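Only one structure is covered here, and it is reproduced in the block below.
Numbering (mature numbering (1 follows the signal peptide of the UniProt record, and there is no 0)), first residue to last: -22 to -1, 1 to 297.
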């Protein structure tokens, strides 16, 4: 009987080992790809110097990947004749190409140094943190060990991402359904400290009297977007005061009527979110602390590990 018990114990241990998911750690690649952080940092820094809009593009790419279904690099997969992928959903068509290009460059460099080792989802998370720091934002530890999704479907994104025109009540519900508080939602909105928005996302609001725009700002926006019908690529900086620096001016602008999007104005008109706008407007250190904590939390949302995902050889295609 003893050999049978030993054999049973052996198979039990095998079963347990196969069901335990690997844990994410900050030093996940310390042995398998020791230059991971250096390669990502060097690649994206070079890209940022050449194209200063890269930081905002990658941060937005990170949010559009993580928020709907978890941080799994599904946003990077290209559509095929048989499948419309997430990146081709209507809400993602305006994602800047610099974000995709930065991740592809980092992946190419990592594949040369450490073939088939680093996931695309880990690259997005690390690149987002590093680029945030380059534009003056806060540092936070990035946990690594994610696997990439094997699927990406545009049809699954319906109502999962907040729209610039979404009522604040709806946006709050979307965040709460993913375990994020109202304060964390307001903190994450601070990503609008950098980057730009296309005229189509706000031009229809500018002429209305009830939207909260500063009158002079509204005139300037109309002028900037006057040729929008003929040139849909026209855009305006989200933060008109310090557009290329990550700081708390975004929150200082909103009470002055200098918010760009309907969702920005909504943060100040709703009694649930307004106190946090005021808090971050007067205390940048608190904003940085809360933003970093919320970004780290978002980077861990819905991650795939072990056999639940794969390490793609190319970020835009399933293996």
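Even for Gly, the Cβ is constructed at its ideal location relative to N, Cα and C.
Since the model is a prediction, treat every value here as computed from it, not as a measurement.
Is the beta carbon of residue i less than 8 angstroms from the beta carbon of residue j?
i	j	result
residue 300	residue 165	Coverage of the chain is limited to positions -22 through 297, which leaves residue 300 absent and any answer about it impossible.
residue 44	residue 204	no
residue 127	residue 287	yes
residue 124	residue 283	yes
residue 37	residue 88	no
residue 293	residue 85	yes
residue 235	residue 190	yes
residue 142	residue 64	no
residue 104	residue 120	yes
residue 174	residue 213	yes
residue 274	residue 117	no
residue 155	residue 245	no
residue 92	residue 279	no
residue 132	residue 62	yes
residue 7	residue 122	yes
Kindly give me the distance between the Cβ atoms of residue i and residue j, rounded to whole angstroms, as I take these residues to be in contact under 8 angstroms.
i	j	result
residue 243	residue 210	Their Cβ separation, rounded to whole angstroms, is 23 angstroms, which puts residue 243 and residue 210 out of contact at 8 angstroms.
residue 217	residue 172	7 angstroms
residue 41	residue 161	Actually they do not touch by this definition, with Cβ atoms about 17 angstroms apart.
residue 184	residue 200	6 angstroms
residue 115	residue 195	25 angstroms between Cβ atoms; not a contact.
residue 130	residue 55	4 angstroms
residue 70	residue 53	7 angstroms
residue 299	residue 72	For residue 299 there is no data in the structure shown, the boundaries of the chain being -22 and 297.
residue 215	residue 221	4 angstroms
Taking all protein chains shown into account, decide if residue i is buried (16 or more other Cβ within 10 angstroms of its Cβ) or exposed.
i	result
residue 101	buried
residue 297	exposed
residue 291	exposed
residue 5	exposed
residue 27	exposed
residue 197	exposed
residue 136	exposed
residue 46	buried
residue 251	buried
residue 247	exposed
residue 140	buried
residue 51	buried
residue -8	Since pLDDT at residue -8 reaches only 43, below the 50 mark, its modelled position is unreliable, and the value read off the structure follows with that caveat. Classification of residue -8: exposed, given that the 10 Å Cβ count is below 16.
residue 68	exposed
residue -19	With a pLDDT of 48 at residue -19, under the threshold of 50, the predicted position of this residue should be treated as unreliable, though the coordinate-derived value follows. Classification for residue -19: exposed.
residue 90	exposed
residue -10	Model confidence at residue -10 stands at a pLDDT of 43, short of 50, so the residue's coordinates are unreliable and nothing is read from them.
residue 134	exposed
residue -13	No answer about residue -13 holds up, because its pLDDT of 47 lies below 50 and its placement is not dependable.
residue 295	exposed
Specify whether the stretch 255 to 262 and the stretch 6 to 20 touch according to this definition: at least 3 beta carbon pairs, one from each stretch, less than 8 angstroms apart.
Of all C-beta pairs linking the stretch 255 to 262 to the stretch 6 to 20, fewer than three are shorter than 8 angstroms, placing the two stretches out of contact.
In chain order, what are the residue ranges of uninterrupted beta strand (DSSP E) at least 3 long that sit wholly in the stretch 124 to 183?
174 to 176
With a cut-off of 8 angstroms, do at least 3 Cβ pairs link the stretch 88 to 105 to the stretch 4 to 14?
yes
So, do the stretch 75 to 93 and the stretch 32 to 44 have three or more beta carbon pairs nearer to each other than 8 angstroms?
Yes: at least three Cβ pairs fall under 8 angstroms.
Write down every uninterrupted run of the alpha helix (DSSP H) in the stretch 183 to 257 whose length is 4 residues or greater and which is fully enclosed by it, in chain order.
193 to 202, 227 to 231, 240 to 247
Residue ranges of each alpha helix (DSSP H) within the stretch 57 to 113, 4 or longer:
75 to 91, 98 to 112
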